[in-house]
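> Below are the structure tokens for one structure; questions will follow.
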Amino acid sequence: MAEKRDDSSQGAGSMDDTPLMRELTRDHARRRQLEGVEFTAPESTRIITIANQKGGVGKTSTAVNLAAALSMGGLHVLVIDADPQGNTSTALNIEHHAEVPSMYEVLVESAPISDVVQDVPDMERLQCAPATINLSGAEIELVSLVARENRLRNAIRDHLEDRAARGLPRLDYVLIDCPPSLGLLTVNALVAAREVMIPIQAEYYALEGLTLLLNNIDLIRQHLNPELVVSTILLTMYDARTRLAAQVAQDVREHFPEQTLEATIPRSVRISEAPSYGQTVLTYDPSSSGALAYRAAAYELNTRPAP
Ligand SMILES: Nc1ncnc2c1ncn2[C@@H]1O[C@H](COP(=O)(O)OP(=O)(O)OP(=O)(O)O)[C@@H](O)[C@H]1O
Ligand SMILES: [Mg+2]
Numbered sequence: 001m002a003e004k005r006d007d008s009s010q011g012a013g014s015m016d017d018t019p020l021m022r023e024l025t026r027d028h029a030r031r032r033q034l035e036g037v038e039f040t041a042p043e044s045t046r047i048i049t050i051a052n053q054k055g056g057v058g059k060t061s062t063a064v065n066l067a068a069a070l071s072m073g074g075l076h077v078l079v080i081d082a083d084p085q086g087n088t089s090t091a092l093n094i095e096h097h098a099e100v101p102s103m104y105e106v107l108v109e110s111a112p113i114s115d116v117v118q119d120v121p122d123m124e125r126l127q128c129a130p131a132t133i134n135l136s137g138a139e140i141e142l143v144s145l146v147a148r149e150n151r152l153r154n155a156i157r158d159h160l161e162d163r164a165a166r167g168l169p170r171l172d173y174v175l176i177d178c179p180p181s182l183g184l185l186t187v188n189a190l191v192a193a194r195e196v197m198i199p200i201q202a203e204y205y206a207l208e209g210l211t212l213l214l215n216n217i218d219l220i221r222q223h224l225n226p227e228l229v230v231s232t233i234l235l236t237m238y239d240a241r242t243r244l245a246a247q248v249a250q251d252v253r254e255h256f257p258e259q260t261l262e263a264t265i266p267r268s269v270r271i272s273e274a275p276s277y278g279q280t281v282l283t284y285d286p287s288s289s290g291a292l293a294y295r296a297a298a299y300e301l302n303t304r305p306a307p
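Sequential numbering from 1 applies to the sequence shown in UniProt numbering.
Structure follows, in structure tokens:
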């Protein structure tokens, strides 16, 4: 009997090195590390655009879940949905049918952001400026407008001033979710922000297309927004069991050693299910590895010095 038990514990010992065990150990450590942590407010409002013209890499999931994690950490956060698909608005359970005042009115009709923001249900300190289907027309309507690339930048500046004038708490983060294109909506988002965060899906074609995005960011820096920096890269849909994911992660870290967060977001069914319940993964399944990963990423983002 005793011998057998020794055998099995030895077996378990060698199991320590499987990806699953590593994941569980890491989740456990993360849970303890993140228990009850309060996030320190940044010195000034950080405006971060989440961009990648490649579709389905996790931009929206990242915007929504980072925003939730930051606000649950005690910070004031505004998420701007700059994608006519309105996925961010859906995920945050924000009404956004065609009649709802949205980023369309802000960008095309110069409505103040405060006229369109909505409180995210059951989340303190978190607001969302929604996107409706109308925003799909903005891409074309913006072309003929004055200062067409600066409209979001000006709207955010006015909004921050307006909040201060009304004695409302300063926003700590403004996160802007972009559509999967490099059109005028994304340009507006890149002109409005100080920082760009690029979610990269840990798969084979990950780095393809990144050059195009980086070239666009360079152009915007040269002509429209000299302060813009790619501050953060986040590996998403990371499957620790595949060698490919590890290889892609290594490549990304070699290219962007300063920018790439230590935290990676695992492929997680919970993350993809949460939006259909109008919830973020943080409230839908707080102890899931997806929720923990987004909390760890938010903590890391907030702890690293802002550019
Ligand atoms: N870590 C993850 N694990 C599993 N599924 C995920 C994960 N992150 C995102 N997804 C799912 O993958 C799909 C694409 O994600 P998401 O909408 O966040 O990407 P996106 O870059 O915003 O897409 P788009 O370019 O269309 O705006 C969604 O169905 C989402 O639920
Ligand atoms: Mg999206």
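For each residue, glycine too, the CB sits at the ideal point set by N, CA and C.
Report the CB separation of A193 from I48 in whole angstroms; it is logged as a contact under 8 Å.
For the purposes of this step, residue 193 is taken as residue 193 along the sequence shown, with counting starting at 1. For the purposes of this step, residue 48 is taken as residue 48 along the sequence shown, with counting starting at 1. The pair is a contact, with the Cβ atoms about 6 Å apart (cut-off 8 Å).
> Checking the sheet assignment: what are the DSSP bridge partners for E195?
Your numbering for residue 195 matches position 195 in the sequence shown. Answer by DSSP bridge pairing, in chain order: I48 and V229.
> Given 7 Å as the limit, tell me if D119 has its C-beta closer than that to any heavy atom belonging to ligand 2.
In the sequence shown, the residue the question calls residue 119 occupies position 119. Flag unset: Cβ of D119 not near ligand 2.
> Can you check which of these residues, C178, N188 and D251, is closest to R148 by C-alpha distance?
Position 148 of the sequence shown, counted from the first residue, corresponds to residue 148. That would be N188, whose Cα lies nearest to the Cα of R148.
> Quick check for students: name the residue ranges of the beta strand (DSSP E) that lie wholly in the region 21 to 82, counting only runs of 3 or more.
You should have 46 to 50 and 77 to 81.
> For R166, count neighbouring Cβ atoms within 10 angstroms of its own Cβ and tell me buried if that reaches 16, exposed if not.
Working through the sequence shown from its first residue, we reach residue 166 at position 166. Answer is exposed; the Cβ neighbour count stays below 16.
> In angstroms, rounded to a whole number, what distance separates the CA positions of M123 and T88?
Locating residue 123 in the sequence shown gives position 123, where the first residue counts as 1. Locating residue 88 in the sequence shown gives position 88, where the first residue counts as 1. Computed Cα separation, rounded: 15 Å.
> Cα separation between A129 and G56?
Against the sequence shown, residue 129 aligns to sequence position 129. Against the sequence shown, residue 56 aligns to sequence position 56. C-alpha separation (whole angstroms): 21 Å.
> What is the DSSP secondary structure of A298, reduced to helix, strand or coil?
Here residue 298 refers to the residue found at position 298 when the sequence shown is read from its first residue. Residue state, collapsed to three classes: helix.
> Since I believe Q85 is in contact with residue 322 (beta carbons under 8 Å), could you give me their beta-carbon distance rounded to a whole number of angstroms?
The structure shown does not extend to residue 322, since the chain is modelled only from 1 through 307, so no value can be given for it.
> Would you kindly work out how many angstroms separate the C-alpha atoms of R304 and E141, rounded to a whole number?
Counting from one through the sequence shown, the residue named residue 304 turns up at place 304. Counting from one through the sequence shown, the residue named residue 141 turns up at place 141. When rounded, the distance between both Cα atoms is 39 Å.
> If you draw a straight line from the alpha carbon of A274 to that of E254, how long is it in whole angstroms?
As a working mapping, residue 274 is identified with position 274 in the sequence shown. As a working mapping, residue 254 is identified with position 254 in the sequence shown. Roughly 33 Å separates the two Cα atoms.
> Cα-Cα, which of R30, P19, S136 and I50 is closest to S288?
Translated into positions along the sequence shown, residue 288 becomes position 288. It is R30.
> Give the C-beta separation of I156 and V174 to the nearest angstrom, bearing in mind that I take them to be a contact with Cβ-Cβ under 8 Å.
For the purposes of this step, residue 156 is identified with residue 156 of the sequence shown, where counting begins at 1. For the purposes of this step, residue 174 is identified with residue 174 of the sequence shown, where counting begins at 1. Correct: roughly 6 Å between the Cβ atoms.
> Taking contact to mean 3 or more Cβ pairs, one atom from each stretch, closer than 8 Å, check whether the region 57 to 65 and the region 174 to 186 are in contact.
yes
> Please list, in chain order, all residues of the same chain as Y104 whose beta carbon is under 8 Å from its beta carbon, the five residues on each side excluded.
Mapped onto the sequence shown, residue 104 falls at position 104. Within the same chain, Y104 has close Cβ partners A131, T132, N134, L135, G137 and A138.
> Does the region 38 to 47 come close enough to the region 72 to 83 that 3 or more CB-CB pairs lie under 8 Å?
yes
> Let me know if N65 comes out buried or exposed under the rule of 16 or more other beta-carbons within 10 Å of its beta-carbon.
As a first step, residue 65 must be located in the sequence shown, where it is residue number 65. So N65 ends up on the buried side.
> Three or more C-beta pairs closer than 8 Å, one from the region 201 to 211 and one from the region 245 to 259: is that the case here?
When C-beta atoms of the region 201 to 211 are compared with those of the region 245 to 259, three or more pairs fall below 8 Å, so the two segments count as touching.
> Which full runs of the beta strand (DSSP E) of 3+ residues lie inside the region 135 to 186, going along the chain?
173 to 177
> Around the C-beta of H28, are 16 or more other C-beta atoms found within 10 angstroms, so that it is buried, or is it exposed?
On the sequence shown, residue 28 is found 28 positions in, with the first residue counted as 1. Counting Cβ neighbours within 10 Å, H28 comes out exposed, since fewer than 16 surround it.
> When you compare the CB positions of A69 and Y284, do they come within less than 8 Å of one another, or not?
Taking the first residue of the sequence shown as 1, we reach residue 69 at position 69. Taking the first residue of the sequence shown as 1, we reach residue 284 at position 284. No, they are not a contact pair.
> Can you tell me which of the three DSSP states I200 falls into?
Along the sequence shown, read from residue 1 onward, the residue named residue 200 stands at position 200. The answer is strand: DSSP assigns I200 an E or B state.
> Give the residues whose C-beta lies closer than 5 Å to at least one heavy atom of ligand 2, in chain order.
Applying a distance threshold of 5 Å between residue Cβ atoms and the heavy atoms of ligand 2 selects K59, T60 and N87, given in chain order.
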